[in-house]
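Notes follow once the structure below has been shown.
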Amino acid sequence: MERRRLGGSDIDVSRIILGCGNFGGIGSAPAFFGQGESREEAAAIMDAAVGLGITTFDTADAYGGGRSETFIGEWLRTKPPEIRERIVLSTKTFNPMEEGADRGLRPERIRRQLESSLTRLGVERVDMYLTHDQDPGTPIEDTLRALDELVRAGKVGAIGASNVDGAGLAEALETSARRGLARFEWVQNSYSLLDRDAERDVLPLCAEHGPGFTPFSPLAGGWLTGKYRAGQPPPPGSRMTQRPEPYRHLESPAIYRGLERLDEHARARGVDTATLALAWLLAHPLVTAVVVGPRRPEHLEPASRALELHLGEDERAELARLFDP
């Protein structure tokens, strides 16, 4: 699988990144810790990913209350050195590890959380360490100084930010430049045909300053797979039956019409809608790689097919118009 350089770092990532947010939970929500994929199911997904050439795994300390990192660490220990050395690891911090626990990006918390992540992953360093959200209660310079220390100590290869808005990203980049601190080389925000907020200010900042951009939720919680139909109940076990709140706003006649037209475009190309939606992202000149979070090994197949489906600028614009207000 093709690899691309991540921002201004010296790290190359596979164009498909394995998102491990469903390992042992459903994202960072404490109410769902212990749900999601089991240890054995997670191992099967990681095996399938490596088989497809995916070498970059993305997790977070709070995914599954630490279970995601633990499952990855256990899986790595079963693999020979030639596989372990190929895997590029990223993790994140901000969210609480359990109900009521502390959160945020205070320097002492960042240091403590990274040490715990390294222990669960069974490694001495991670390639990338990201802030998982913005912390208005902690000055960004304090956060960046703590992250810079970890880079200088060799415990982190590069730093990045997830769920960051344009103002926060601009402030962080300016602070790093002014203070001579490690800067965010990676931005990981939600971006898809159904969520294009990143186009407003985050992507232009990436174009101007050079951080890599890797969208998560590229299929909008399954909405771009074709599994949700107007007037029909969501399939059992789908995101809309487990954690529907982030996607309730998509339940509208206009979205359903757009999905029907997307299906027509996909059929005309001989692919499924998930493959076409992922190809739309991969064709964006500012997208370094796409983060996919499969529930089963076979869910990786559309991502693999999308790498072979090349869309031009006019085709991308035509697909985007399907969901214009």
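FYI, in the working numbering the residues of the sequence shown are 1435 to 1759. The beta carbon of each residue, even a glycine, is placed where N, CA and C say it ideally should be. What you are looking at is a predicted structure, and each value in this text was computed from that prediction instead of being measured.
If we count the other Cβ atoms within 10 Å of its Cβ and call it buried at 16 or more, is residue 1594 buried or exposed? On the sequence shown, residue 1594 is found 160 positions in, with the first residue counted as 1. Buried is the call here.
Between the C-alpha atoms of residue 1442 and residue 1694, what's the straight-line distance to the nearest angstrom? Working through the sequence shown from its first residue, we reach residue 1442 at position 8. Working through the sequence shown from its first residue, we reach residue 1694 at position 260. When rounded, the distance between both Cα atoms is 40 Å.
If you run the structure through DSSP and keep just helix, strand and coil, what is residue 1435? Taking the sequence shown and counting its residues from 1, one reaches residue 1435 at position 1. Coil at residue 1435, not helix or strand.
Quick one: which unbroken alpha helix (DSSP H) runs of 4-plus residues sit fully inside the stretch 1628-1652? Chain order, please. 1636-1643
Going along the chain, which residues of its own chain have a beta-carbon closer than 7 Å to the beta-carbon of residue 1739, five neighbours each way excluded? Sequence index remark: in the sequence shown, residue 1739 carries index 305 (1-based). Closer than 7 Å at Cβ, skipping near neighbours: 1705 and 1709.
Taking a contact to mean a Cβ-Cβ separation below 8 Å, would you say residue 1626 touches residue 1652 in this structure? Within the sequence shown, numbered from 1, the residue matching residue 1626 stands at position 192. Within the sequence shown, numbered from 1, the residue matching residue 1652 stands at position 218. Closer than 8 Å, so yes.
According to the neighbour-count rule (16 or more other Cβ atoms, all chains shown, within 10 Å of its Cβ), is residue 1622 buried or exposed? Residue numbering aside, residue 1622 sits at position 188 when the sequence shown is read from its first letter. Buried.
Residue closest to residue 1476, alpha-carbon to alpha-carbon, out of 1564, 1729, 1743 and 1748: To locate residue 1476, count along the sequence shown from 1; it is residue 42. Among 1564, 1729, 1743 and 1748, the Cα nearest to that of residue 1476 belongs to 1729.
Are the beta-carbon atoms of residue 1566 and residue 1526 separated by less than 8 Å? Taking the first residue of the sequence shown as 1, we reach residue 1566 at position 132. Taking the first residue of the sequence shown as 1, we reach residue 1526 at position 92. Cβ distance < 8 Å, so residue 1566 and residue 1526 count as in contact.
Anticipated Cβ contact below 8 Å, residue 1736 with residue 1712, distance rounded: Sequence index remark: in the sequence shown, residue 1736 carries index 302 (1-based). Sequence index remark: in the sequence shown, residue 1712 carries index 278 (1-based). Here residue 1736 really is in contact with residue 1712; their C-beta atoms are around 6 Å apart, less than 8 Å.
What separation, rounded to the nearest whole angstrom, lies between the Cα atoms of residue 1570 and residue 1504? Along the sequence shown, one-based indexing puts residue 1570 at 136. Along the sequence shown, one-based indexing puts residue 1504 at 70. Their backbone Cα atoms lie some 29 Å apart in a straight line.
Is residue 1551 helix, strand or coil by DSSP? As a first step, residue 1551 must be located in the sequence shown, where it is residue number 117. Residue 1551 falls in the helix class under three-state DSSP.
Looking only at its own chain, which residues have a Cβ that is under 6 Å from the Cβ of residue 1725, when we skip the five neighbours before and after it? Here the question's residue 1725 lines up with position 291 in the sequence shown. Same-chain partners within the cutoff: 1451, 1453, 1492, 1648 and 1650.
Which residues in the same chain have their Cβ closer than 6 Å to the Cβ of residue 1436, if we skip the five residues on either side of it in sequence? One-based indexing of the sequence shown puts residue 1436 at position 2. Excluding residues within five positions, the ones whose Cβ falls inside 6 Å are 1449.
Limits of the unbroken beta strand (DSSP E) element including residue 1562: Here residue 1562 corresponds to residue number 128 of the sequence shown, with the count starting at 1. First-last of the beta strand (DSSP E) with residue 1562: 1560-1565.
Suppose you measure from the CA of residue 1637 to the CA of residue 1723; what does that come to, to the nearest Å? Here residue 1637 is taken as the residue at index 203 of the sequence shown, counted from 1. Here residue 1723 is taken as the residue at index 289 of the sequence shown, counted from 1. Distance between the alpha carbons of residue 1637 and residue 1723: 14 Å.
Taking Cβ positions, are residue 1580 and residue 1531 nearer each other than 8 Å? Here the question's residue 1580 lines up with position 146 in the sequence shown. Here the question's residue 1531 lines up with position 97 in the sequence shown. In this structure, residue 1531 does not lie closer than 8 Å to residue 1580 by Cβ.
Strictly by DSSP, which residues pair up with residue 1666? Stepping through the sequence shown from its first residue, residue 1666 is reached at position 232. Per DSSP, none; premise fails for residue 1666.
Option in 1596, 1523 and 1517 with minimal Cα separation from residue 1558: If you number the sequence shown from 1, residue 1558 lands on position 124. Selected option, being the one with the closest Cα: 1523.
Identify which residue in 1585, 1577, 1556 and 1533 has its Cα closest to the Cα of residue 1518. For the purposes of this step, residue 1518 is identified with residue 84 of the sequence shown, where counting begins at 1. Comparing Cα-Cα distances from residue 1518 to each of 1585, 1577, 1556 and 1533, the minimum goes to 1556.
Under the assumption that residue 1470 contacts residue 1498 (Cβ atoms under 8 Å), give the Cβ distance between them as a whole number of angstroms. Taking the first residue of the sequence shown as position 1, residue 1470 is located at position 36. Taking the first residue of the sequence shown as position 1, residue 1498 is located at position 64. Contact holds; Cβ gap of about 6 Å.
Specify, as a first and last residue, the run of the beta strand (DSSP E) that residue 1574 falls within. Indexing the sequence shown from 1 puts residue 1574 at position 140. Note, residue 1574: premise wrong, no beta strand (DSSP E); alpha helix (DSSP H) at 1574-1586.
Beta-carbon gap between residue 1564 and residue 1603 smaller than 8 Å: Sequence index remark: in the sequence shown, residue 1564 carries index 130 (1-based). Sequence index remark: in the sequence shown, residue 1603 carries index 169 (1-based). In this structure, residue 1603 does not lie closer than 8 Å to residue 1564 by Cβ.
What are the boundary residues of the alpha helix (DSSP H) that includes residue 1475? Counting from one through the sequence shown, the residue named residue 1475 turns up at place 41. Annotation for residue 1475: the continuous alpha helix (DSSP H) segment containing it runs 1473-1485.
Tell me, which residues are paired with residue 1598 by DSSP? Mapped onto the sequence shown, residue 1598 falls at position 164. Answer by DSSP bridge pairing: none, since residue 1598 is not bridged.
Report the CB separation of residue 1486 from residue 1734 in whole angstroms; it is logged as a contact under 8 Å. Within the sequence shown, numbered from 1, the residue matching residue 1486 stands at position 52. Within the sequence shown, numbered from 1, the residue matching residue 1734 stands at position 300. The pair is a contact, with the Cβ atoms about 6 Å apart (cut-off 8 Å).
Rounding to the nearest angstrom, what Cα-Cα distance links residue 1439 and residue 1643 in this structure? In the sequence shown, the residue the question calls residue 1439 occupies position 5. In the sequence shown, the residue the question calls residue 1643 occupies position 209. If you take the alpha carbons of residue 1439 and residue 1643, they lie about 15 Å apart.
Label residue 1561 either buried or exposed according to how many other C-beta atoms from any shown protein chain fall within 10 Å of its C-beta, with 16 as the threshold for buried. Counted from its first residue, the sequence shown places residue 1561 at position 127. That one is buried.
Close-in-space but distant-in-sequence residues of the same chain around residue 1632 (CB under 6 Å, 5 per side omitted): On the sequence shown, residue 1632 is found 198 positions in, with the first residue counted as 1. Cβ neighbours of residue 1632 beyond the five flanking positions: 1623 and 1625.
At the level of alpha carbons, what is the spacing between residue 1614 and residue 1584? In the sequence shown, the residue the question calls residue 1614 occupies position 180. In the sequence shown, the residue the question calls residue 1584 occupies position 150. Those two C-alpha atoms are separated by around 15 Å.
Roughly how many whole angstroms lie between the Cα atoms of residue 1468 and residue 1459? In the sequence shown, counting from the first residue as 1, residue 1468 sits at position 34. In the sequence shown, counting from the first residue as 1, residue 1459 sits at position 25. Taking the straight line joining both Cα atoms gives about 5 Å.
Neighbourhood of residue 1720 by C-beta distance below 7 Å, restricted to the same chain and skipping five residues each side: The residue you call residue 1720 lines up with position 286 of the sequence shown. 1637, 1640, 1641 and 1647, listed in sequence order.
Do you know offhand how far residue 1741's Cα is from residue 1714's? Your numbering for residue 1741 matches position 307 in the sequence shown. Your numbering for residue 1714 matches position 280 in the sequence shown. Looking at the two C-alpha atoms, the distance is approximately 10 Å.
Based on Cα-Cα distance, which residue from 1658, 1703 and 1670 lies nearest to residue 1685? Here residue 1685 corresponds to residue number 251 of the sequence shown, with the count starting at 1. Of the candidates 1658, 1703 and 1670, the one whose C-alpha sits nearest the C-alpha of residue 1685 is 1658.
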